[in-house]
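Report on the following structure.
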Amino acid sequence: NEGALWGARFASGPSPELAALSRSTHFDWQLYPYDIAGSRAHAKALAAAGYLDDAELERMLDGLDRLEAAVDAGQIVPGEGDEDVHGALETALIGIVGPELGGKLRAGRSRNDQIATLVRLYLLDHSRRITRLVIDLIDALASQADAAGDAVMPGRTHLQHAQPVLLAHQLLAHAWPLVRDLERLRDWSARASLSPYGAGALAGSSLGLDPQLVARELGLTGVSENSIDATASRDVVAEFAFVAAQLGVDLSRLSEEIILWATREFGFVKLDDGYSTGSSIMPQKKNPDIAELARGKAGRLIGNLTGLLATLKGLPLAYNRDLQEDKEPVFDSVETLEVLLPAFTGMVATLRFDTERMAELAPQGFSLATDVAEWLVKQRVPFREAHEISGALVRFCEERGLELHEPSDDDYAAIDARLTGGVREVLSVSGAVASRAGVGGTAPARVAEQLAQLTERVRAL
Ligand code: ARG
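Residue numbers (full-length UniProt numbering): 8 to 468.
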């Protein structure tokens, strides 16, 4: 079992079956830049505490640089006998600087505090990348909202026509959850930026190494408060997986709308050729596959979160090997978002809305009935009665195939004396949207303010 990190107390090496089960290099190898960064920082802590002299530190750092260059160049890859990235890199470092010096690096650290630190470094890096990709998507939604101007559409509840809204308002309603997801990531990063390095296997190190020095070197803001917690907990990983799942859910809800809007029945939107797909048998087809993949991948992102939580729930403190199972799901969440977001943003940026069709449908389905009721309230009719009068008008119109503004003044009066021709003033879509002028409402002036606010919030991230 040459090159392994353990073995002296064993009479035999691991069975091939155990080695196959135990090996994690096929997924943890991608942590090598963080492992090497951790080793650089750890070497400096060893030197500061007097375990490496200046010349040794210099040779160690030089060896780590050469190790990283060789791994970057693909000259060093994990071997059959390597259990994980930590062991493989230590073996390779010893190959570069020799066993005498290379064998000193492991003092005062354990793979348990190492892996807990590396996964944080990995997630912090990728959270910055994902943040930039989500900002691109928010920008695409904001540009579409800006371009939509005062265009209206049917606002829906229960998927039924409810009240007319601005298309820009609806698009921004999809942007705000994404802003909150990024704010969650920002809040998460404060918790993720504490360094477990120095916790050792679980109880801390007896060598008097300075964990603050290691944290500083790694660009982290502080040190975990409790060495047992530092090596045993993965809530930081689960929280990241939650934000990834929530992002997936938010993209999925927008996807569902785009898929519906692109149907012939809705006809609200056309997808760009570069961001839609064809059929192998039906020549006429143009399919919203990006939106469907986003909707599908939301399930996978949720699965990664729930799988990870299930792994964690019964674990006693401190480190257990079960914890190795944290990485594949969260790596998958990262990779899923990083491949999905650019395509999704391209699809959104190139949507072409049929605003005429949306405007035509906006008043249908008696979507201005609330305006009738609220007009009556302004005439001091109690809302309970106003609701009934307006409902009676809807029924009257529905039975005769009329729109709400079409009955005669006499017909209005027959429904209720307080319902007069004056109500027609509010029975236009533009009047209806303009009247919803409270904070966060769909009036054009409010939506313009909202767009400015959104831009501000994104800038503050
Ligand atoms: N590869 C392990 C992980 O990903 C870290 C190694 C700790 N192994 C151990 N037997 N203590 O969690």
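Just so it is clear, CB atoms sit at the ideal spot from N, CA and C, and this is done for glycine as well.
In this structure, the CA atom of Ala325 is about 6 Å from the CA atom of Leu209.
In this structure Leu144 touches Leu185 by the C-beta definition: roughly 6 Å separates them, less than 8 Å.
Looking from the CA of Gly162, the closest CA among Ala369, Thr124 and Gly408 belongs to Ala369. Taking C-beta separations shorter than 6 Å and ignoring five residues to either side along the sequence, the partners of Leu375 in its chain run Leu411, Leu434 and Ala439, following chain order.
Linking Leu112 to Leu125 through their CA atoms gives a straight-line distance of about 17 Å. Using a Cβ distance threshold of 8 Å, Leu227 and Leu201 count as a contacting pair. Per the DSSP secondary-structure output, Pro336 pairs with nothing in a beta bridge.
Going by DSSP, Gln219 is part of the alpha helix (DSSP H) stretching over Pro218 to Glu224.
Around the beta carbon of His165, a 10 Å sphere encloses fewer than 16 other beta carbons of the protein chains shown; the residue is thus reported as exposed. For the pair Gly215 and Gln121, the CB atoms are not nearer than the 8 Å cut-off. In this structure, Val172 sits away from Thr352, with a CB-CB distance that is not shorter than 8 Å. Exclusion of Arg241 from the 7 Å shell around the ligand ARG follows from its C-beta lying no nearer than that to any non-hydrogen atom of the ligand.
Here Asp236 has no same chain residue with a Cβ atom under 6 Å from its own Cβ, once five neighbours each way along the sequence are excluded.
Relative to the Cα of Leu468, the nearest Cα in the group Arg47, Leu174 and Ser196 belongs to Ser196. Distance from the Cα of Glu63 is smallest, within the candidate group Arg191, Val337 and Val104, for Val104.
For Ile122, the CB falls within less than 7 Å of some heavy atom of the ligand ARG. Gly115 and Gly207 do touch by the CB rule: their CB atoms are close to 7 Å apart, below 8 Å.
Between Val78 and Tyr39, the beta carbon gap of about 5 Å places them in contact (Cβ cut-off 8 Å). Leu74 sits away from Ile101, with the two beta carbons spaced by 8 Å or more.
In the DSSP assignment, Val159 falls within the beta strand (DSSP E) that extends over Val159 to Thr164. Relative to the ligand ARG, Asn119 has its C-beta within less than 7 Å of a heavy atom.
Within the stretch 172-235, the runs of alpha helix (DSSP H) at least 4 residues long that lie entirely inside it are, in chain order, 174-199 and 218-224. C-alpha of Leu300 to C-alpha of Glu263: approximately 11 Å in a straight line. Exclusion of the five residues before and after Asp35 leaves Asp91, Val92 and Lys334 as the residues of its chain whose Cβ lies within less than 7 Å of its Cβ. For Asn311, the closest C-alpha among the options Ala393, Asp89, Ala248 and Ala424 is that of Ala248. When only Cα atoms are considered, Ala199 and Thr313 end up about 20 Å apart. With 16 or more other Cβ atoms inside 10 Å of its own Cβ, Glu97 counts as buried.
In terms of side-chain proximity, the C-beta atom of Asp35 is found nearer than 7 Å to a non-hydrogen atom of the ligand ARG.
The three-state secondary structure of Ala55, taken from DSSP, is helix. Relative to the ligand ARG, the beta carbon of Leu96 is positioned no closer than 7 Å to any heavy atom. When the alpha-carbon of Phe360 is set against those of Glu395, Ile137, Ile265 and Arg191, the nearest one is in Ile265.
For Val454 against Ala175, the beta-carbon gap comes to about 5 Å, under 8 Å, which counts as contact. Going by DSSP, Tyr129 is part of the alpha helix (DSSP H) stretching over Arg118 to Ala155. Taking all protein chains shown into account, Ile297 has 16 or more neighbouring C-beta atoms within 10 Å of its C-beta and is therefore buried.
Comparing alpha-carbon positions, the option among Leu189, Ala26, Asn119 and Thr138 lying closest to Gly88 turns out to be Ala26.
With fewer than 16 other beta carbons inside 10 angstroms of its own, Ile288 counts as exposed.
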